[in-house]
Ligand code: MLT
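Residue numbers (the working numbering): 35 to 434.
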């Protein structure tokens, strides 16, 4: 028996696992060192009280015969599907509850969704990109067309940049806005161009909206369904990880409109079939906690936490401004994408920060080769650590 040989085409380790290994080795060699962790986008603030109270209530429900829940509906509890659909409807997006699927998080879903497309597809990925897009498609045995993003296109490639030989070839197109890792955001016009392209060429867009709650500017779309024609070409994947601090609690959602069909097959129905086969649903307790995020109180409390992360971003941006370093993001996104100083390579800069100032970030090269020469900071760290890290970074860059 030969297992999935596509695993041979993956890098040795997943980006964040590799960084975790490197930092662990550093700590073993330098015991007692405090590291300022601004690498993986993992939240540092606890869950808000609206969520915590609901989680406790749900635990109590499970202790009583009359309120106890066993298996949950595979596609999500009605109360949570409705709460999420209401959230969209509140932004004037018309969505029915059964177009929303509850998941255990966006990263799981971004790979799992490939099940309904088959495993011999061509996918277009705009790089630098969240590495799970690439890895999940390598595992699936899909062909990858990489579209480079850089300073010349504001890290936002347009369909006009697709090379002639690749035009119309992609079955799937991954778009992440606000973008991980660059923090770039698609305007309505720029996103519309991709929707028109997908509808024209029969492609499906996998729209990663995991960072929508960080958008500050009124004109930036939070959801692809704010635009015309998205219902016939896009799946939207979202997560409560960054929005509401669910990285360790795990809950997200996926939207598949009823209008989305390819080859005479209905993708919403296919995903129902997939979920009913492959999951027994997200736990009742977690779904109750997730529903609290969409209440008025929950929304207010999560935005208080987001404000703290935005203040972290301001602290870092001030440090970079003070030393004249070019950077992107930080405004509508929780990531800052900076240019490494003096033409340094991104892993070289990673080692320098780790060794000299004990700051951990993410090398741009980990997000694809066109990320070389850049470095990503997550703004999800503790405010105290971020202030100190920014101070150290500024001093290091001044003396460079
Ligand atoms: C990141 O740091 O890019 C994210 O935290 C990864 C993730 O969401 O899985």
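For glycine and all other residues, C-beta sits at the position ideal for the given N, C-alpha and C.
Can you list, in chain order, the residues of its chain with a C-beta nearer than 7 Å to that of residue i? Leave out the 5 residues immediately preceding and following it.
| i | result |
| --- | --- |
| residue 230 | 263 |
| residue 381 | 397 and 399 |
| residue 227 | 192 and 193 |
| residue 184 | 404 |
| residue 89 | 319, 322 and 323 |
Express the C-alpha separation of residue j and residue i in angstroms, rounding to a whole number.
| i | j | result |
| --- | --- | --- |
| residue 391 | residue 409 | 15 Å |
| residue 144 | residue 242 | 8 Å |
| residue 67 | residue 59 | 12 Å |
| residue 70 | residue 407 | 21 Å |
| residue 347 | residue 298 | 46 Å |
| residue 385 | residue 107 | 47 Å |
| residue 197 | residue 419 | 44 Å |
| residue 206 | residue 429 | 44 Å |
| residue 362 | residue 371 | 5 Å |
| residue 199 | residue 81 | 48 Å |
| residue 122 | residue 178 | 32 Å |
| residue 87 | residue 323 | 8 Å |
| residue 366 | residue 309 | 33 Å |
| residue 389 | residue 50 | 18 Å |
| residue 249 | residue 203 | 32 Å |
| residue 260 | residue 127 | 6 Å |
| residue 73 | residue 343 | 14 Å |
| residue 401 | residue 94 | 43 Å |
| residue 341 | residue 378 | 32 Å |
| residue 114 | residue 320 | 10 Å |
| residue 291 | residue 150 | 14 Å |
| residue 211 | residue 218 | 7 Å |
| residue 411 | residue 252 | 25 Å |
| residue 489 | residue 351 | The structure shown does not extend to residue 489, since the chain is modelled only from 35 to 434, so the question has no answer here. |
| residue 258 | residue 79 | 28 Å |
| residue 335 | residue 325 | 13 Å |
| residue 349 | residue 394 | 16 Å |
| residue 57 | residue 116 | 42 Å |
| residue 424 | residue 417 | 10 Å |
On the CB-based measure, 16 or more other CB atoms within 10 Å of its CB, does residue i come out buried or exposed?
| i | result |
| --- | --- |
| residue 36 | exposed |
| residue 62 | exposed |
| residue 327 | buried |
| residue 125 | exposed |
| residue 139 | buried |
| residue 161 | buried |
| residue 83 | exposed |
| residue 146 | buried |
| residue 65 | exposed |
| residue 432 | exposed |
| residue 276 | buried |
| residue 356 | exposed |
| residue 387 | buried |
| residue 353 | buried |
| residue 283 | buried |
| residue 110 | buried |
| residue 216 | buried |
| residue 273 | buried |
| residue 47 | exposed |
| residue 234 | exposed |
| residue 288 | buried |
| residue 98 | exposed |
Note down, in chain order, each residue of its chain lying with its Cβ closer than 6 Å to the Cβ of residue i, except the 5 sequence neighbours on either side.
| i | result |
| --- | --- |
| residue 360 | 373 |
| residue 246 | 256 |
| residue 175 | 40 and 153 |
| residue 77 | 279, 281 and 414 |
| residue 96 | 102 |
| residue 208 | 159, 167 and 240 |
| residue 314 | 105 |
| residue 195 | none |
Leaving out the 5 sequence neighbours to the left and right, which residues in its chain are closer than 8 Å to residue i when beta-carbon positions are compared?
| i | result |
| --- | --- |
| residue 376 | 434 |
| residue 120 | 328 |
Using a Cβ-Cβ cut-off of 9 Å, state whether residue i counts as contacting chain C.
| i | result |
| --- | --- |
| residue 237 | Reference to chain C is not applicable here, since this structure consists of a single protein chain. |
Inset, instruction - Flag this pair as touching only if the region 91–110 and the region 328–348 have three or more C-beta atom pairs under 8 Å; answer yes or no. - result: no
Inset, instruction - Determine, using beta-carbon pairs with one atom in the region 154–163 and one in the region 119–136, whether at least three such pairs fall under 8 Å. - result: no
Inset, instruction - Would you check if the region 294–310 and the region 163–174 touch, i.e. whether three or more CB-CB distances between them fall below 8 Å? - result: no
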